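Notes follow once the structure below has been shown.
Protein chains in written order, with the working numbering: chain A, 901 to 1223; chain B, 212 to 510.
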């Protein structure tokens, strides 16, 4: 005799099997993806352990566990590196400069483009504006070299022809110019792209609110100030939190690495060496895997602290948060 | 017609200026690049070429395209872009399609695994160790396999799939179609905007990637166009370009005068890399604004 409980259990199992059969293929699609993520995302996460070890490349995956512990010695060595201060400064200052100068630009651009009445002109300008996003930093670096070149560079030629300067400006060989170049090229590349998100937020605003404001006699600037800006506030805050989270990577676009790698050279390394380029040099070029992993982990931890604290702050201040 | 107030005029002027500066600063660099690439190198280096080639020539492009390295790089770049994009869109699409099913068993666990992978990563070094131990280093597949699934793209796709009414799907299912056929016959055509968007992101990413060639391969035959361009640009000395000229042995032995310079070769190569992007841009851009907006609002 089957008890009622057992009968119910068997029934449930049958139901489950039917459900599983119905979604069997979908399960397979998803499991393939999950397996992929376990391999390509989770194995490297386990691999972070080598930051606290003395890992040899030849030991493979088992080396993650079998290699000798090194404690915090890799981190301590990094803190005592004679370039540590310079790298930290470059990484942070470059990102802060981008936050101050690049971040507001897409917002201004999105508001400005929203004020264009001619929908055709609007579309053309917008289409052009996000083209640089799809152009690689390699190309941008090439353009920068040919525009800012000391003798034949376009900008120097132009300024000399105008009589503004009489001797060419050494944009590329004087390291002082590295940060401005990085910030301006970041603005050039990212403005139109990031404006898309703010444009989406603006188009989401109810047209009736604007119409009511017009009836009440609000001017265009008043409408921008009192309707458009407040309605995209939460989008601005969310993008800001994400930028702060990636502060060490170069803000929203995360452009620090590409810029410093491609535009950096021995002349400007005092301003262009950042943590990420250092990880690459130490790890993949010199083969000091544990040390490089420790330096990389250091940057990740700071990023994590930054994203959580900025999220916390914004929840307190604006009631907007990511999580 | 309403009369324009002083404020309107001021605002319109500012807006016009912003737009004008934006359009010119974005388009002119590409245009200048194009002009120089059609100009004789020695002539260009004396300066003064701004808006139109002074001594028009095709020699820069001939030199670029007669170079074995660049030709092979071009083919590798096309291969990785086409194969990589195709496989990634299918793989990510199937994953997102499966995961968008409301009654999927273990759905919460799967989503948890995915979201964690979106926020945390092991970083560059453990990733390199992984690729090495999977024996992917120095193979063509190192360009393809690691990019097969992007959780971010999967999230964008899922927000699209969720909008599809279940009733349509049920009716197809009654006809005896399985999930695989439903995906290709129904989901893909309906969700074309999102597939086009993801394909565009993916394709451009493949086309522009130089990093994996630089650090995950050593074999010369695996070099991509973007990598070669990166070499030409960052080693902006004659060495990388004279190698370019060396491929042209026949002409060199004839002693024909060479008019190209590193600068003009660089410009011609840059245009070669940019052009394919410019060509697909208008076709796909009508989709991707829609795609990215849906993704950014719901994602």
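Ideal Cβ positions, reconstructed from N, Cα and C, are used throughout, including at glycine.
The structure presented is a predicted model; accordingly, all values stated were derived computationally and were not measured.
query	result
Environment of residue 430 of chain B [buried if 16+ CB atoms lie within 10 Å]	exposed
Alpha-carbon spacing of residue 425 of chain B relative to residue 917 of chain A, whole angstroms	49 angstroms
Residue 969 of chain A, buried or exposed, once every other Cβ within 10 Å from all chains shown has been counted against 16	exposed
Interface positions of the stretch 1033 to 1045 of chain A facing chain B (Cβ-Cβ less than 7 angstroms), listed along the chain	1034, 1035, 1036, 1038, 1039, 1041, 1042, 1043, 1045
Sequence-distant residues of the same chain with beta carbon closer than 6 angstroms to residue 414 of chain B, five excluded per side	292, 296
Sequence-distant residues of its chain with Cβ nearer than 8 angstroms to residue 217 of chain B (five each side left out)	none
Reference residue 417 of chain B, options B/237, B/286, B/278, closest by Cα	B/286
Residue 926 of chain A at chain B interface by Cβ criterion, 8 angstroms	yes
Close beta carbons around residue 881 of chain A, own chain, < 6 angstroms, minus the five adjacent residues each side	Outside the modelled stretch of chain A, which goes from 901 to 1223, sits residue 881 of chain A, for which no answer is possible.
Residue nearest to residue 1130 of chain A in terms of C-alpha spacing, selected from A/907, A/932, A/1030, A/1218	A/1218
Contiguous alpha helix (DSSP H) assignments of at least 4 residues, all confined to the stretch 1121 to 1163 of chain A	1133 to 1145, 1156 to 1163
Identity of the residues DSSP links to residue 953 of chain A by a beta bridge	A/969
Same chain only: Cβ atoms within 8 angstroms of residue 1215 of chain A, ignoring 5 sequence neighbours per side	1221
Coil, strand or helix - residue 459 of chain B by DSSP	Unreliable positioning characterises residue 459 of chain B in this predicted model, as indicated by a pLDDT of 44, which lies under 50. A coordinate reading is not provided.
At least three beta-carbon pairs within less than 8 angstroms, the stretch 1034 to 1049 of chain A to the stretch 1131 to 1146 of chain A	no
Residue 289 of chain B, enclosing alpha helix (DSSP H) - first and last residue	279 to 310
Any C-beta of chain A under 8 angstroms from that of residue 496 of chain B	yes
Distance, residue 433 of chain B Cα to residue 488 of chain B Cα	21 angstroms
Cα-Cα separation between residue 326 of chain B and residue 366 of chain B, rounded to whole angstroms	10 angstroms
Whole-angstrom distance between residue 939 of chain A and residue 965 of chain A, CA atom to CA atom	17 angstroms
Any alpha helix (DSSP H) of 4 or more consecutive residues that is wholly inside the stretch 1012 to 1094 of chain A	1019 to 1029, 1037 to 1048, 1054 to 1062
Proximal residues, the stretch 301 to 312 of chain B versus chain A, C-beta separation under 8 angstroms	302, 303, 305, 306, 308, 309, 310, 312
Selection of the stretch 933 to 947 of chain A by Cβ proximity to chain B, strictly under 8 angstroms	933, 934, 936, 937, 938, 939, 940, 941, 942, 943, 944, 945, 946, 947
Residue 963 of chain A versus residue 336 of chain B - alpha carbon distance	14 angstroms
CB contact check: residue 471 of chain B to chain A, cutoff 8 angstroms	no
Buried versus exposed call for residue 474 of chain B [16 or more other C-beta atoms within 10 Å across all chains shown]	buried
Spatially closest choice to residue 357 of chain B from B/382, B/391, B/324, B/420, by CA coordinates	B/420
Any chain B beta carbon closer than 8 angstroms to residue 1009 of chain A	yes
Interface flag, residue 1057 of chain A vs chain B, CB-CB below 8 angstroms	yes
Exposure label - residue 1204 of chain A; buried when at least 16 CB within 10 Å	exposed
Proximal residues of chain A, C-beta to C-beta of residue 477 of chain B below 9 angstroms	1042, 1045, 1046
Three CB pairs or more closer than 8 angstroms across the stretch 1030 to 1037 of chain A and the stretch 1081 to 1101 of chain A	yes
CB-CB length for residue 1097 of chain A against residue 341 of chain B, believed under 8 angstroms	About 33 angstroms separates the two Cβ atoms, so there is no contact after all.
Sequence-distant residues of the same chain with beta carbon closer than 8 angstroms to residue 263 of chain B, five excluded per side	246
Inter-stretch contact at 8 angstroms, needing at least 3 Cβ pairs: the stretch 361 to 379 of chain B / the stretch 400 to 408 of chain B	yes
Partner residues on chain B for residue 950 of chain A, Cβ-Cβ distance less than 9 angstroms	336, 337, 340
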